[in-house]
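Colleague:
Residue numbers (our numbering): 1033 to 1244.
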């Protein structure tokens, strides 16, 4: 009777506790939570460092922008001053140029009036010279046309003569070619024959046809 309770107690000690799996899961979740908290803290620290660096860069950029703005403002002011001075100088030069232009125009009008008077005074002499020159030009033109016609006639005669010579030369060359073709044909026919006076066939190396 005493052995049964001991056996039951031993069996109960060997069986797993019903909360062991839940406790193990809680421990794993706690470990994971601690890991996530550590990662979050590291991430927050990194983000804070990056934010600090960004703030420093923004501050440096603002200082550079302020400096650039001041430099650009000074450059614009200098440019405006230079432009004002250049405008004043150009205006003065333009006024001087206009005065000089008016003076030159007055001188040109005076010179033009003198030229018109001189031209009117010389019109009669020029018309007389033009009439004489016209007659001379007509005579020269007639002579040039006559000489040109003679040159053209000589050219045509020379052209016809050269054409006839070329035709004759072409005819002679064709005649020579025809003769050479006939000689070549006769020589080809003699190659297969045997020359009785030499005792050799006509196709031997260096063979020549017998003299008539």
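Backbone N, C-alpha and C fix where the C-beta goes; we use that ideal spot for every residue, glycine too.
From a predicted model like this one, the values you see are computed outputs, not experimental measurements.
#1: Mapping the DSSP letters down to three states, classify residue 1154 as helix, strand or coil.
#2: Alpha carbon to alpha carbon, what distance is there between residue 1164 and residue 1170?
#3: Looking only at its own chain, which residues have a Cβ that is under 7 Å from the Cβ of residue 1096, when we skip the five neighbours before and after it?
#4: CA-CA distance, residue 1094 and residue 1110?
#5: Kindly provide the ranges of any beta strand (DSSP E) runs that are 3 or more residues long and lie completely inside the region 1049-1136, ordered along the chain.
#6: Measuring only the C-alpha atoms, how far is residue 1145 from residue 1155?
#7: Using only the alpha-carbon positions, how far apart do residue 1077 and residue 1083 sit?
#8: Can you list, in chain order, the residues of its chain whose CB lies under 8 Å from that of residue 1193, leaving out five sequence neighbours each side?
Modeller: The relevant details are as follows:
#1: What you label residue 1154 is simply residue 122 of the chain shown in a count that begins at 1. Residue 1154: coil per DSSP, three-state reduction.
#2: Residue numbering aside, residue 1170 sits at position 138 when the chain shown is read from its first letter. Residue numbering aside, residue 1164 sits at position 132 when the chain shown is read from its first letter. So the two alpha carbons sit approximately 10 Å from each other.
#3: Position 64 of the chain shown holds residue 1096. Sequence-distant Cβ neighbours of residue 1096 in its own chain, meaning closer than 7 Å and more than five residues away, do not exist here.
#4: Translated into positions along the chain shown, residue 1094 becomes position 62. Translated into positions along the chain shown, residue 1110 becomes position 78. So the two alpha carbons sit approximately 24 Å from each other.
#5: none
#6: In the chain shown, residue 1145 corresponds to position 113, counting from 1. In the chain shown, residue 1155 corresponds to position 123, counting from 1. CA-CA distance, residue 1145 to residue 1155, rounds to 16 Å.
#7: In the chain shown, residue 1077 corresponds to position 45, counting from 1. In the chain shown, residue 1083 corresponds to position 51, counting from 1. Each residue's alpha carbon lies about 10 Å from the other.
#8: Here residue 1193 refers to the residue found at position 161 when the chain shown is read from its first residue. So the list is empty, once near-sequence residues are dropped.
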